[in-house]
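All residue numbers for the sequence shown refer to my numbering, where the first residue is 6 and numbers rise by one. To keep things clear, I will list the structure first and then write my remarks on it.
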Amino acid sequence: MVIVISPGFHPSALTDDFLHGLKPLMSKVLVPPREQCPAYSPRHLLTFLHEQCHFAHSKRDSYSKRNSQRFSQPPLLLIGFSAGVVSSIGVARQWHAQGGIVKALIAIDGWGVPLYGDFPIHRMSHDPWTHYSSHLLGGTHESFYAEPSVGHLEIWRSPQTTVGISTPASTVLSKSCLSTRPYATTAAQFLRHLLQQYGELDDSAP
């Protein structure tokens with residue numbers, strides 16, 4: 006299993022801060038180098054992932070080329086931020102189309118990006134307006150929005166201090182689906198909840 010982090014156009018230190026709040030993780034985390042993978046390019050990100058996954062497999066064993074290809078597509082959980090949501094959704098769709106497993110896509114402040122796919126898609130937004138307007142373009146699984154609103158970069162840099170509301174799946178578009186009520190949480194807690202749900206969070210570690 007691999008967690009793929011696709012940042013936007015911002016200092017890399019913000020991504021370091023984001024990852025620090027999510028430890029400990031059970032799976033390998035891949036963050037593509039900015040100079041190699043533009044945030045908006047699924048093609049560059051997909052090439053990077055194939056290279057990294059094949060390299061990791063080659064170091065583990067000496068199977069035949071056929072077996073190497075068979076195991077070169079581990080399950081992915083993708084987290085995209087801002088422009089990085091564009092590459093994340095593109096890679097998720099192609100990975101799935103090629104027979105790979107996409108455990109989920111978490112799109113953080115991907116306003117205006119259509120999010121449709123045969124896998125779970127969760128949105129996180131820095132304010133209520135972005136949250137509700139974005140849901141018209143898909144991504145209606147369990148989601149989060151900051152309340153009170155925070156800056157666009159703040160939800161990425163400091164998810165642990167970004168408070169808001171978790172909304173259950175589909176209630177934005179269908180008020181009849183109320184099996185789970187919205188509840189107050191932080192962006193970091195919401196992310197940890199999703200990562201635990203998909204088996205990517207090691208809660209046993211100190």
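Note that CB positions come from ideal geometry on N, CA and C, so glycine has one too. The model shown is predicted, which means the values in this text are computed figures rather than measured ones.
- Taken through DSSP and simplified to helix, strand or coil, His157 comes out as coil.
- Per DSSP, the continuous alpha helix (DSSP H) segment holding His101 begins and ends at 89-102.
- Between the alpha carbons of Leu110 and His101 lies a gap of roughly 12 Å.
- Within the DSSP secondary-structure output, Tyr188 pairs in a beta bridge with Ser171.
- Residue pairing by DSSP puts Tyr150 in a beta bridge opposite Ser130, Ile170.
- Taking the Cβ atoms as the reference, Ile8 lies roughly 6 Å from Leu30, within the contact range of under 8 Å.
- Val168 and Gln78 have their C-alpha atoms some 35 Å from each other.
- In the three-state DSSP reduction, Leu27 falls in the coil class, being neither helix nor strand.
- Among the bridge pairs identified by DSSP, Leu35 is matched with Val9.
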